[in-house]
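Asks: Can you read through this structure? Questions will come right after.
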Amino acid sequence: MVFAATGRASHDSDVWAGLFTTAWPFLAALVVGWLVTLAWRSPFAPLRTGLGIWAVTVVGGMLLRAASGQGTALPFIVVATLVLGALLVGWRAIAALAARRRR
Numbered sequence: 003m004v005f006a007a008t009g010r011a012s013h014d015s016d017v018w019a020g021l022f023t024t025a026w027p028f029l030a031a032l033v034v035g036w037l038v039t040l041a042w043r044s045p046f047a048p049l050r051t052g053l054g055i056w057a058v059t060v061v062g063g064m065l066l067r068a069a070s071g072q073g074t075a076l077p078f079i080v081v082a083t084l085v086l087g088a089l090l091v092g093w094r095a096i097a098a099l100a101a102r103r104r105r
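Residue numbers (my numbering): 3 to 105.
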């Protein structure tokens with residue numbers, strides 16, 4: 003939702019009106035990613051869980067955007083991939099490093 007709200011704010015004056023329209027393909031793909039990777043078994047694993055969820059969310063989200071008539075311009079794909087990577091894998095990597103340091 004943060005990604006969608008930020009994008010809407012930079013390209014559209016009314017952030018809230020189109021927020022769900024922008025976010026739903028990625029939220030739906032995120033749910034599929036959790037199911038495919040069995041994320042609840044290792045939710046903090048950056049490689050096993052994070053990379054899988056990231057890949058499914060980006061690919062699935064873009065496919066759903068295209069199927070629903072929303073844009074999938076190359077700059078959008080690049081930015082979405084990088085931001086979703088940071089949001090879906092980044093925090094898991096930080097959590098894994100913090101857990102290692104505590105041991």
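For glycine and all other residues, C-beta sits at the position ideal for the given N, C-alpha and C.
Nearest to residue 91 by CA position, among 44, 105, 77, is which residue?
Replies: Answer by Cα proximity: 44.
Asks: Would DSSP call residue 71 helix, strand or coil?
Replies: Reduced to three states, the DSSP call for residue 71 is coil.
Asks: At a cut of 8 Å, does the segment 55–67 reach the segment 86–100 through at least three beta carbon pairs?
Replies: In short, these stretches touch, since the Cβ pair count reaches three.
Asks: To the nearest angstrom, how far is it from the Cα of residue 31 to the Cα of residue 49?
Replies: Spanning the two alpha carbons is a distance of roughly 18 Å.
Asks: Quick check on DSSP: helix, strand or coil for residue 103?
Replies: Helix.
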